[in-house]
Amino acid sequence: MSLRTSRPARAGQYLALLCYLVFLAFPFLWLISTAFKPARELGSLHPTWIPDSPTLENFRQAFDEQPLLRAAGNSLTVALSAALIAVVIATPMAYVMARQRSRLATAATGWVVVSQAFPFVLVIIPLFLVLKNLHLINSLLGLIMVYVVWSLPFALWMLVGYVRAVPAELEEAAAVDGAGRLRTLVSVTAPLLAPGIVATAMFAFITAWNEFFFALVLLKSPEKQTLPVILTHFLGAEGVADLGPLAAAAFLATIPSLVIFAIIQRRITGGMLAGAVKT
Amino acid sequence: MRTRSLTGTGTGARARLVAAAAALGLLLTGCSGGDGESSDGRITLRFQSLAWQDESVQANKELVKEWNAAHPDVRVEYVQGSWDSVHDQLLTSFEGGEAPDIIHDASDDLADFAYGGYLADLDGLLPDRLKRDIPERSWETTEFGDGVYGVPFLQEPRVLIANKKILEASDVRIPTVGKPWTWAEFRAATKELTAGEGRKPGAGQAEYGVAWPLKDPVSATLNLSRSTGGRLFHRGADDKVTIHYTEADAEVPAVIHDQVNSDGSASGATLGMGGSDTLPGFFGGKYAMVPLGFSYRQQIIQQAPKGFEWTVLPAPAGADGATQGVSPQTLSVSEDTPHKKEAVAFIDFLLQPENMVRLARGDWMLPTGTAALADPSLHTAKHGWGTGAALARELLPAPAQSVRGYPEWKDKVATPALQEYYSGAIDRAELKKRLEKDGNLVLARYQR
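Protein chains in written order, with the working numbering: chain A, 791 to 1069; chain B, 195 to 642.
Take a look at the structure:
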């Protein structure tokens, strides 16, 4: 059977891909468009993609009204720390769970799945009280701990899959070649696992970067608040919003994730098969 | 009106979840807390404000600064809160013993906190000046059982924002505060102002006479129905509340239903929209009028195209006149704070008539205090301030103000039922059946 596809079929595939990309990009492009529109254009019955009179006024207002840079710094500190710690903890655990088939590993996997079902509102008060006794309320460290705990189960779940995807035969081959356990892990397994680790770190980063409710409840001082909390300050009751500055601030809030994705995605694809070839 | 749906997501089920979590939390840990007093005897009070518009935040911060300058021994720290999730955030803070000392919220969000013992009973703490200044009907919005659990300070009626050019070019009578439209006149006026979907509107017409933004239909319906004598919630001799959907309750919903489904004078597309979503159509001349909260004027000023002329009209009146229900914004004191007297003193300062005016103007709302309401700056014709101020004396507590279980009834029963009724999917009998039968089952669970 030939793997070649006919020209119309390929065109169809590209068209489908294009539609999907447009679908994915639409909210972001609309956000950018809104961020540069003056207030009067926001109320237009016939909105346009390209603002008629583009303005930076929304950005100026957003920066004037809220401490966006400080909040971005807090978000970055919290999200990067949480991602790093989650990956450091999850990687060895995932390796053990994937390679050691035991009842304990099965039970741990089950617990990981169940833990994802807990609603925020159920855990927030016990968590609040525990952190309070540890004097970690209103502290970025406390929030980092929460995010690590919150993202750990799913990070573990993801990494177990990545470890299982690395053929155990490669490790066995390395052992046959005389490599010790540590050398095998470092030279053979780790490079193959790198894309998975990076993807997991991204997941933990994005989870922490976007999280709102824990940050709202746990951080009290304005100087410690993170970006998602600050963004809600552009919202009033009954869904009323200061739309221009909100869009401007939200657009700025997406930039760090995009930059990190752009840097890392090369690592994800580049590392796919690194280490599989014996040198 | 600042309603619970957006100020918090605290449904009954969620409240029970939180309560269970709280019990678990208390088992896991002990409780401790500071008393906000430093070693030199200086008191620090945390004031969580939900002000969000720039002018309003500035007004609040300036007032805090003025207080701190005049009261070196009682320092107030401004904490910025958010309308989004405020209910859950406060509940967590209360349970964790970390609640702000002074709390800004909406009166319809207070019942659970008041009955839960989280808020201080202010009766006996409030200065006479403040008690006298705010009318009894406003105090009723913060009275639960025998106590007073908040000071109502800002409120907003629902008004009709109208396209001035269209209205003046039409033959309809322009309503005034002294002589508002009746609901029947309103219906007739919207027919008159309607060209019909897809038709080119003539002079004095829009595509639709009115756009009802009814994404959250319950508070709008219940509050406007007070004008026709609607109460919906009836408290019996045993103090239990039951729902009866009477003729008085049905009058306003029937007008809206008929405008959408019989007359074609109200756009069906806006039924699922929020107030802000209808503004582009309003500015574009698609709708002649939009019923909105009084504070929406600020958005209109910001977003209306140059040359767009608009005016503020009173909402239609019924058998009970131009009354309507409101849930004022409130200031409360945490039961846990050891400095209740100082917290109330700060509230008293914040709500001095001239300060209340600053807060009201910052939020584009109306003050509850009679002295503040008399301020000339709130009676100018500009931006419809005068119309709103004149309506203030007609404002009554929202019907569901102190009904426990109201949020669940609203989310699970009333919102879908009213949405289906307004869109024409169910008739009035079915609406009545659902509101009463399903609704009373919900309320009964809270009143065992």
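For every residue, glycine included, the Cβ atom is placed at its ideal position computed from N, Cα and C.
These numbers come from a predicted model, not from an experiment.
Check: 9 Å Cβ cutoff met for valine 258 of chain B and glutamate 536 of chain B; Outcome: no
Check: Inter-residue CB distance, glycine 501 of chain B and glutamine 252 of chain B (contact presumed, cutoff 8 Å); Outcome: At roughly 29 Å, the Cβ-Cβ gap does not stay under 8 Å, so glycine 501 of chain B and glutamine 252 of chain B are not in contact.
Check: Neighbourhood of valine 551 of chain B by C-beta distance below 8 Å, restricted to the same chain and skipping five residues each side; Outcome: Pro561, Ala566, Asp569, Ser571, Leu572
Check: Minimum C-alpha distance to serine 413 of chain B - residue among B:Val404, B:Gly424, B:Leu284; Outcome: B:Gly424
Check: Minimum C-alpha distance to alanine 554 of chain B - residue among B:Glu260, B:Ala586, B:Gly341; Outcome: B:Ala586
Check: Cutoff 9 Å: phenylalanine 1041 of chain A Cβ touching any chain B Cβ; Outcome: no
Check: 4 or more residues per run - each alpha helix (DSSP H) lying fully within the region 514 to 578 of chain B; Outcome: 534 to 544, 547 to 557, 564 to 567
Check: Cβ pair count under 8 Å reaching 3, the region 978 to 995 of chain A against the region 909 to 917 of chain A; Outcome: no
Check: Within-9 Å CB hit, isoleucine 914 of chain A to chain B; Outcome: yes
Check: Proline 346 of chain B to serine 332 of chain B span [Cα, whole Å]; Outcome: 6 Å
Check: Beta-carbon gap between leucine 426 of chain B and leucine 416 of chain B smaller than 9 Å; Outcome: yes
Check: Chain B contact residues for alanine 861 of chain A, given Cβ-Cβ distances below 8 Å; Outcome: Under the 8 Å cutoff, chain B gives no residues; its nearest Cβ is about 11 Å from alanine 861 of chain A.
Check: Cβ pair count under 8 Å reaching 3, the region 978 to 986 of chain A against the region 850 to 867 of chain A; Outcome: no
Check: 9 Å Cβ cut-off: residues of chain A touching valine 273 of chain B; Outcome: Lys1010, Ser1011, Pro1012
Check: Straight-line gap, asparagine 862 of chain A to glutamine 1015 of chain A (C-alpha atoms, nearest Å); Outcome: Sequence check: residue 862 of chain A is alanine here, not asparagine. Using only the alpha carbons, I get a separation of about 9 Å.
Check: Cβ contact (3+ pairs, closer than 8 Å) linking the region 524 to 536 of chain B and the region 498 to 514 of chain B; Outcome: no
Check: Three or more C-beta pairs below 8 Å linking the region 235 to 245 of chain B and the region 287 to 300 of chain B; Outcome: yes
Check: Pair within 9 Å by beta-carbon distance, isoleucine 437 of chain B and leucine 625 of chain B; Outcome: no
Check: Residue span of the beta strand (DSSP E) that contains proline 485 of chain B, given as start and end; Outcome: 481 to 487
Check: Anticipated Cβ contact below 8 Å, glycine 487 of chain B with threonine 422 of chain B, distance rounded; Outcome: The Cβ separation is near 20 Å, so there is no contact.
Check: Proline 154 of chain B: contacting residues in chain A (beta-carbon distance under 8 Å); Outcome: Summary: the structure shown does not reach residue 154 of chain B, with chain B confined to residues 195 through 642, and so no result is reported for it.
Check: Classification of proline 943 of chain A by the beta-carbon crowding that lies within 10 angstroms, buried from 16 upward; Outcome: buried
Check: Inter-residue spacing [alpha-carbon to alpha-carbon] between glycine 833 of chain A and phenylalanine 995 of chain A; Outcome: 35 Å
Check: Residue burial classification, serine 892 of chain A (beta-carbon count within 10 angstroms, cutoff 16); Outcome: exposed
Check: Cβ of phenylalanine 826 of chain A within 9 Å of any chain B Cβ; Outcome: no
Check: Threonine 286 of chain B: contacting residues in chain A (beta-carbon distance under 8 Å); Outcome: Ile914, Ile915, Phe918, Val1007
Check: Cβ of glutamine 1015 of chain A within 9 Å of any chain B Cβ; Outcome: yes
Check: CA nearest to the CA of threonine 472 of chain B, picked from A:Arg797, A:Gly1034, A:Val1030, A:Gln1055; Outcome: A:Val1030
Check: Of the residues A:Leu921, A:Leu1017, A:Val938, A:Tyr810, the one placed nearest isoleucine 875 of chain A, counting alpha carbons only; Outcome: A:Val938
Check: Proximal residues to tyrosine 481 of chain B (C-beta, below 8 Å), its chain only, five neighbours per side dropped; Outcome: Asn357, Ala400, Glu401, Tyr402, Gly403, Val404, Ala405, Ser461, Thr464, Thr472, Gly475
Check: Close Cβ partners of threonine 1044 of chain A (< 8 Å) along its chain, the five nearest in sequence each way excluded; Outcome: Phe818, Leu821
Check: contact_flag[the region 517 to 528 of chain B, the region 310 to 323 of chain B] where n(CB pairs < 8 Å) is 3 or more; Outcome: yes
Check: Contacting residues, own chain, Cβ-Cβ under 6 Å from arginine 1022 of chain A (five flanking each side not counted); Outcome: Looking at the sequence shown, residue 1022 of chain A is not arginine but threonine. Closer than 6 Å at Cβ, skipping near neighbours: no residue.
Check: Residues, ordered as in the chain, of the region 341 to 371 of chain B that lie near chain A by beta-carbon distance below 9 Å; Outcome: none
Check: Residue range of the unbroken beta strand (DSSP E) whose run includes tryptophan 504 of chain B; Outcome: 504 to 508
Check: Leucine 814 of chain A versus leucine 635 of chain B - alpha carbon distance; Outcome: 43 Å
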